[in-house]
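Reading through the structure tokens given below for one structure.
Chains as they are written, first to last, in the working numbering: chain A, 114 to 696; chain B, -2 to 260.
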């Protein structure tokens, strides 16, 4: 075992982690522990843009952005947090530009902006040009720019260090975070990092689904670690299905395509979004578009030999727009489906994309241990966190915004906390739990293959907990996940070595996926209403009387099969009263 | 909607049974260079017979081996669609991302049996199988000051940049640092102290950015003996780039900037 001591430890090196590191690293001694090399993070896969009311191309203001975010989130958004995000969005974009991000430009040389789903002028009048972008590689540019600036500031990275536990020291006032424990992939060694602040920025858990835009590595590690510590997770039933994944593959095609004018059509060639969202049509928020697409297919109007997808028609945009503003998705369609968007419509279907829920935090990124108290020294930002600025459904571009605004806030808060506080002692034997976990996976205790369990998990989640859910499908999913957890207790891995044991890594990741899938399903069963990304066929309307509240989940005990306790947290309102969502 | 059980929907029969064979699959031979520095004295070749679909990515074949045949097979991968740059490897002798090469593009003509050869990228020390030490590659990247340098006072709003000035360095902003270019370069193979194409691409990205004021410092670094003059314009790098960056052209533009002392 090796021992390290820092002021601040940041776990994860995607957009939120590196944005936090740039702030923290200039104020306090900071280490970034990351499962992947920083530039491999999935922030790089984001395409369309990052919204901010710069008003560079038409009238706009951040209050409209706040409203759109709250309405887009089906009123489950904490309104104070949404206001902060929309207000700070402007500086967040300008900061990135000053760091070197190569945004597309207007003829006057300003940052160009384009339309995106759910972003409107004057509270829903019409779509507004608010998304700042760099072709369809905005996430790539953000990830590269943040990494470049980490290099500039000499941020210390521990690459391919897989964090498996955090250290909580009990005090009279409750638990305080005092460090993190990591498994070094190159050597199999365990490292204890003592720190005054720990920031989780570990991203999402899209790999609970089969059809997903998420990377193989997005297994919810940070959320899983927090949950196993007895700390709550929030709003996990709200999972976003992005409307335009490449059919059958799930690879993301940006909403920016529709922002540039692309149209969704069913097998009859009909522009069906006119029926579901008469005002902004194809630029309705993702939950509405995904549901509409699923309905078209369910009602027999799907395209293709199996009538199981719809078509994204970009043909009228012209080769130049596709090559200059949407080059990557044009290439994805050509490479993976052998379809040329210049001349043919592209087969698309909703793909599991983004977790609205996660580790509950306040607007400073401090992690909550219940509705009223934080865990001193523990922070979270980005997709793994739930502030909640996305409520029941995140608007397109607001994730890139979230990582920049709340990554920055968490980095500053973590460093300031570290500078103002003494280091507490670590709990006894801080590495013991991780050592035991690794030893257990490597020991011979069964014959179950990790891949079989993961594939079965993804299949049941796709079939039973996807865009539309019912009591029956969710009960089936719960039954399946619980049975898979039992099988997980008997897994075996072939690789028993210490050097880059990715067999072991996949086994550990699967444990987190099973844990989080169960929370998602338990939450979806309990929420007997339809709101945002959570659509219940058997409860098709929003029920503000009973469910205008955040869900909070607590693990009851240590075992993988331990019960989940469900509690609730009030939504924060400022000035926007819930209304029916029409677009 | 009706509920579907895990058993019905599972692609495999699971419980450690035979691995799944997708409908319409053909059998291909995948020959992989193996070397685990923890246990092995020298590298070897392992061959696997795999059922696969023409639409499968090479990454799918590697996953099939790892998940069903040999869990010790080790490689990096993440996004699986050519954006993260994790899975650069030598596929049938050329550097490619395993997630961007489809089986149908590798099939032998006339229905003959197909063998796909997969090796780690060259010029970087192998840690295990297809996974190499990326540190020397990132060291070269960091050495060229790959970040915007600007000494002027910051404006309150964005710095202005014309669309034409933005276009000037567009090609080199696409780099995902996968190392396909650098590890396809014969000069890099013979002399690891050469910065290599990827580092020069990332220097180019800033040298030709109208907002940047660090061109002189970077050009000084690149005119060093490990710098651009090592390039012999073999175009391997341009052929290897999965992002379609004109790598050799970018290197030539840096050379020209050095010769004529202007950007």
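Backbone N, C-alpha and C define an ideal beta-carbon position, used for all residues, glycine too.
Source: prediction; values computed, not measured.
* Asked: Can you list, in chain order, the residues of its chain whose CB lies under 7 Å from that of residue 380 of chain A, leaving out five sequence neighbours each side?
  -> Taken in chain order, the residues that qualify are 414, 415, 416 and 420.
* **the region 313 to 327 of chain A contacting the region 429 to 449 of chain A, beta-carbon criterion three pairs below 8 Å** => With the rule of 3 Cβ pairs closer than 8 Å, the region 313 to 327 of chain A does not count as touching the region 429 to 449 of chain A.
* Asked: For residue 106 of chain B, which residues of its own chain have a beta-carbon under 7 Å away from its beta-carbon, when the five flanking residues on both sides are left out?
  -> Spatial neighbours of residue 106 of chain B in its own chain (CB-CB distance under 7 Å, excluding positions within 5 residues in sequence) are not present.
* Which value, in whole angstroms, describes the spacing of the CA atoms of residue 38 of chain B and residue 125 of chain B? -> C-alpha separation (whole angstroms): 12 Å.
* **Whole-angstrom distance between residue 183 of chain B and residue 155 of chain B, CA atom to CA atom** => Residue 155 of chain B and residue 183 of chain B: Cα-Cα distance of roughly 42 Å.
* Taking buried to mean at least 16 other C-beta atoms within 10 Å of its own C-beta, is residue 232 of chain B buried or exposed? -> It is exposed - the Cβ of residue 232 of chain B has fewer than 16 other Cβ atoms within 10 Å.
* **Within-8 Å CB hit, residue 68 of chain B to chain A** => Judged by the 8 Å Cβ criterion, residue 68 of chain B is in contact with chain A.
* Asked: Which residues of chain B have a Cβ atom closer than 7 Å to the Cβ of residue 615 of chain A, listed in chain order?
  -> Result: 71.
* Does any C-beta atom of chain B lie closer than 8 Å to the C-beta of residue 157 of chain A? -> Judged by the 8 Å Cβ criterion, residue 157 of chain A is in contact with chain B.
* Measuring CA to CA, which of A:635, A:197 and A:336 is closest to residue 595 of chain A? -> The shortest Cα separation from residue 595 of chain A among A:635, A:197 and A:336 belongs to A:635.
* To do: Please name the residue, chosen from A:490, A:524 and A:399, that lies closest to residue 462 of chain A on a Cα-to-Cα basis.
  => Comparing Cα positions, the closest option is A:399.
* To do: Please report how far the alpha carbon of residue 214 of chain B lies from the alpha carbon of residue 223 of chain B, in whole angstroms.
  => If you take the alpha carbons of residue 214 of chain B and residue 223 of chain B, they lie about 15 Å apart.
* Span of the beta strand (DSSP E) around residue 42 of chain B -> Per DSSP, the unbroken beta strand (DSSP E) holding residue 42 of chain B starts and ends at 41 to 49.
* **Boundaries of the alpha helix (DSSP H) in which residue 129 of chain A is found, first to last residue** => Going by DSSP, residue 129 of chain A is part of the alpha helix (DSSP H) stretching over 128 to 138.
* To do: In angstroms with no decimal places, state the Cα-to-Cα distance between residue 256 of chain A and residue 22 of chain B.
  => Here the alpha carbons of residue 22 of chain B and residue 256 of chain A stand approximately 38 Å from one another.
* **Segment contact, 8 Å Cβ cut-off, at least three pairs: the region 327 to 335 of chain A with the region 61 to 80 of chain B** => Pairwise C-beta distances place the region 327 to 335 of chain A in contact with the region 61 to 80 of chain B, as three or more of them are shorter than 8 Å.
* Are the beta-carbon atoms belonging to residue 466 of chain A and residue 355 of chain A less than 8 Å from one another? -> Residue 355 of chain A sits close to residue 466 of chain A, with the two beta carbons spaced by under 8 Å.
* Test item: CB-CB of residue 132 of chain A and residue 259 of chain A under 8 Å -> Contact flag set, yes.
* To do: State the Cα-Cα distance for the pair residue 170 of chain A and residue 226 of chain A, rounded to the nearest angstrom.
  => Rounded to the nearest angstrom, the two C-alpha atoms are 7 Å apart.
* Asked: When the Cα atoms are used, what is the spatial distance from residue 448 of chain A to residue 221 of chain A?
  -> Put simply, the backbone Cα of residue 448 of chain A is about 35 Å away from that of residue 221 of chain A.
* State the Cα-Cα distance for the pair residue 439 of chain A and residue 514 of chain A, rounded to the nearest angstrom. => About 20 Å.
* Check whether the Cβ of residue 264 of chain A lies closer than 8 Å to any Cβ atom in chain B. => Taking Cβ atoms only, chain B reaches closer than 8 Å to residue 264 of chain A, which makes this a yes.
* To do: Reducing DSSP to helix, strand and coil, say where residue 161 of chain B ends up.
  => Helix.
* Hey, is residue 217 of chain A's beta-carbon within less than 8 Å of any beta-carbon in chain B? -> So, interface residue.
* residue 242 of chain B to residue 593 of chain A span [Cα, whole Å] -> In this structure, the straight-line span from the alpha carbon of residue 242 of chain B to that of residue 593 of chain A is close to 46 Å.
* Taking residue 563 of chain A as the reference, give the member of A:621, A:572 and A:144 with the closest Cα. => If we check each option's Cα against that of residue 563 of chain A, A:621 comes out closest.
* To do: Mind listing the chain A neighbours of residue 35 of chain B? Cutoff is C-beta to C-beta under 7 Å, in chain order.
  => What residue 35 of chain B touches in chain A: 610, 611 and 612.
* With a threshold of 16 other CB atoms inside 10 Å of the CB of residue 587 of chain A, please say whether the residue is buried or exposed. => Buried is the label assigned to residue 587 of chain A, since at least 16 other Cβ atoms lie within 10 Å of its Cβ.
* Do you know how far the Cα of residue 376 of chain A is from the Cα of residue 118 of chain A? -> If I take the Cα positions, the gap works out to 54 Å.
* **Top-ranked residue by Cα proximity to residue 245 of chain B, from B:195, B:90 and B:217** => Checked all of B:195, B:90 and B:217; the closest Cα to residue 245 of chain B is B:195.
* Just mark residue 454 of chain A as buried or exposed, buried being the case when its beta carbon has 16 or more other beta carbons within 10 Å. => Buried, since its Cβ has 16 or more Cβ neighbours within 10 Å.
* To do: With DSSP collapsed to three states, give me the class of residue 499 of chain A.
  => Of the three classes helix, strand and coil, the one that applies to residue 499 of chain A here is strand, per DSSP.
* Asked: Roughly how far, in whole angstroms, is the beta-carbon of residue 211 of chain B from the beta-carbon of residue 203 of chain B, given that I think they are within contact range, below 8 Å?
  -> That pair is a contact at about 6 Å.
* To do: Below 7 Å between beta carbons is the criterion; list the residues of the region 143 to 170 of chain A that meet it against any residue of chain B, in chain order.
  => Taking 7 Å as the Cβ-Cβ cut-off against chain B, the residues of the region 143 to 170 of chain A that qualify are 149, 150, 152, 153, 155, 157 and 158.
* Within the 8 Å Cβ cut-off, does residue 329 of chain A reach chain B? -> Yes, residue 329 of chain A counts as interfacial toward chain B.
* Can you say whether residue 64 of chain B is buried or exposed, counting buried as having 16 or more other CB atoms within 10 angstroms of its CB? => Buried, by the Cβ-count rule.
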